[in-house]
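**Q**
Number of protein chains: 2
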Amino acid sequence: MIVENNFSLDKVDLAILRLMQENARISNVQIAKDLEMAPSAILERVKKLEQRGVIVQYTTRINPAAVDLKLLAFISLKASDSIGCADTAKELAKIEEVQEVHIIAGEDCYLVKVRTSDSASLMALMRNSFSKIKNILSIRTTIVLETLKEQQQLKIPEN
Amino acid sequence: MIVENNFSLDKVDLAILRLMQENARISNVQIAKDLEMAPSAILERVKKLEQRGVIVQYTTRINPAAVDLKLLAFISLKASDSIGCADTAKELAKIEEVQEVHIIAGEDCYLVKVRTSDSASLMALMRNSFSKIKNILSIRTTIVLETLKEQQQLKIPEN
DNA sequence: TAATTTTCTGAATTATATTCATTTTTTTAT
DNA sequence: ATAAAAAAATGAATATAATTCAGAAAATTA
Chain A
1 MIVENNFSLD KVDLAILRLM QENARISNVQ IAKDLEMAPS AILERVKKLE
51 QRGVIVQYTT RINPAAVDLK LLAFISLKAS DSIGCADTAK ELAKIEEVQE
101 VHIIAGEDCY LVKVRTSDSA SLMALMRNSF SKIKNILSIR TTIVLETLKE
151 QQQLKIPEN
Chain Y
1 MIVENNFSLD KVDLAILRLM QENARISNVQ IAKDLEMAPS AILERVKKLE
51 QRGVIVQYTT RINPAAVDLK LLAFISLKAS DSIGCADTAK ELAKIEEVQE
101 VHIIAGEDCY LVKVRTSDSA SLMALMRNSF SKIKNILSIR TTIVLETLKE
151 QQQLKIPEN
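If you read the protein sequences in the order shown, they are chains A and Y. Just so you know, full-length UniProt numbering puts 157 at position 157 of the first sequence, and the rest follows in order with no gaps. Just so you know, full-length UniProt numbering puts 17 at position 17 of the second sequence, and the rest follows in order with no gaps.
1) Give me the residue from Y:R45, Y:S40, Y:A32, Y:S27 with the minimum Cα distance to L9 (chain Y).
2) Considering only the alpha carbon of each residue, which of Y:L49, Y:A66, Y:N63 lies closest to R61 (chain A)?
3) Hey, does Q21 (chain A) have any beta-carbon neighbour from chain Y nearer than 8 Å?
4) Chain A beta carbons: is any one of them nearer than 8 Å to that of L43 (chain Y)?
5) Answer yes or no: does any C-beta atom of chain Y fall closer than 8 Å to that of L137 (chain A)?
6) Return the CA-CA distance between I26 (chain Y) and P39 (chain A), expressed in angstroms with no decimal places.
7) Would you kindly report the start and end of the unbroken beta strand (DSSP E) that includes I55 (chain A)?
8) Between the segment 47-58 of chain A and chain Y, which residues of the former have a C-beta closer than 9 Å to a C-beta of the latter?
9) Can V54 (chain A) and N63 (chain Y) be called in contact, C-beta distance under 8 Å?
10) Can you give me the Cβ contacts of L19 (chain Y) inside the same chain, cut-off strictly under 7 Å, excluding the 5 residues immediately before and after it?
11) Using the three-state DSSP reduction, which class does M37 (chain A) fall into: helix, strand or coil?
12) Please classify Q51 (chain Y) as buried or exposed, where buried requires at least 16 other C-beta atoms within 10 Å of its C-beta.
13) Would you verify that the beta carbon of N63 (chain A) is, or is not, closer than 8 Å to some beta carbon of chain Y?
14) Tell whether a beta-carbon distance below 8 Å holds between L17 (chain Y) and N28 (chain Y).
15) Apart from the five residues just before and just after Y58 (chain Y), which ones in its own chain have a Cβ nearer than 7 Å to its Cβ?
16) I need the DSSP call for N23 (chain Y), collapsed to helix, strand or coil.
17) Which of the three DSSP states, helix, strand or coil, is assigned to D13 (chain A)?
18) Given that A66 (chain Y) touches chain A, what residues does it touch there, using C-beta distances under 7 Å?
19) Less than 8 Å between CB atoms is the rule here; does A32 (chain Y) satisfy it with respect to chain A?
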């Protein structure tokens, strides 16, 4: 199941990624000091990491309590067949309130993560989705009461 | 279920957050131009957003294909009672390979997201966890074959 | 409505990003 | 092995941006 990738990242690239994942606003000067290199060399590498698509985005993690809604739900769906399943998943992914869609092996076909303002609007969203989406046999919803660990960053290998 | 928060963010704060979530490395000068304000005013606000804990971190999204392992699994566990359930969840959250732990309402007690290098090491991890963790009645694992939507950013309200 | 606090502005200063010619290192081909 | 070519690094010069701060404007409080 392990697939090799086309990205060849050397020790310095990984060190840069590690520092920038921790703090996207770190200066080239600081990275250069940490890695004992010239700032211009760091800049060059960072530009290449961006161009090669290794760096996808510089983003700001915002406290959800400050801006986001409170209610979170996972929904798993079951479809009649795998082709219909994939289509349905794509439809689900288009819905704005749907944050994640995972096609999974096993009993169910997908796992869907939805964020809505309250239970009522979650139900409305689901009802609304069903009118658009075919091949759904059953639905099991569950509400997240508490999250102990989330949004963990990717683990960047040592070398 | 909706709870009010202590953060009072005005229109300008939200506009800044929206820009910085999209690009954490945007300059104060650029934000200032966009919002027709002085760069120093933007800087002052950003510092306050950091201090107040609204801005949690500036991070770099890295292409998982470049650095991360391929196999991903969801595990849902069932515990004997709700107290044991919470304790077990905390134990699970301590495991390095475990990326997310959600305490959920319904049939199961938690939903756990794990990233390991292959099925064998996932099984080893699970076996290892069980020796430490009590109150587990049953386990259902499922492997994510494809992810259509993930890592969506928080939706920042208009005003 | 006066006093206080908060936020904003704009100029000065400090620091960083960016560019580029040159040097060093690595890779490729023979 | 080794010469040629390519890639990466350096360090100085320049362009941009961050930061500081005194004073003005706006918002809040008593």
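Here a beta-carbon is modelled for each residue, glycine too, at the ideal position from N, C-alpha and C.
**A** Let's see:
1) It is Y:R45.
2) Across the set Y:L49, Y:A66, Y:N63, the C-alpha of Y:L49 shows the shortest separation from the C-alpha of R61 (chain A).
3) Closer than 8 Å to some Cβ of chain Y, the Cβ of Q21 (chain A) qualifies, so yes.
4) No - not a single Cβ of chain A is within 8 Å of the one on L43 (chain Y).
5) Confidence at L137 (chain A) is low in this model, with a pLDDT of 45, below 50, so its placement is unreliable and the value that follows should be read with caution. No, L137 (chain A) lies away from the interface with chain Y (no Cβ there is under 8 Å from its Cβ).
6) Cα-Cα distance, rounded: 19 Å.
7) I55 (chain A) -> beta strand (DSSP E) spans 55-62.
8) Flagged, chain order: L49, R52, G53, V54, I55, V56, Q57, Y58.
9) The answer is yes: Cβ separation under 8 Å.
10) In the same chain as L19 (chain Y), and ignoring 5 residues on each side of it, the C-beta atoms closer than 7 Å to its own belong to I26, I31, D34, in chain order.
11) Per DSSP, reduced to three states, the secondary structure at M37 (chain A) is coil, with no helix or strand assignment.
12) Q51 (chain Y) comes out exposed.
13) Answer yes: the Cβ-Cβ gap between N63 (chain A) and chain Y drops below 8 Å somewhere.
14) Cβ atoms of L17 (chain Y) and N28 (chain Y): not closer than 8 Å.
15) If the five residues before and after Y58 (chain Y) are omitted, its C-beta is found closer than 7 Å to the C-beta atoms of A24, all from its own chain and listed in chain order.
16) Reduced to three states, the DSSP call for N23 (chain Y) is coil.
17) Here D13 (chain A) sits in helix by DSSP.
18) N5, F7, L9, V54, listed in chain order.
19) Interface with chain A (8 Å Cβ-Cβ cutoff): A32 (chain Y) is excluded.
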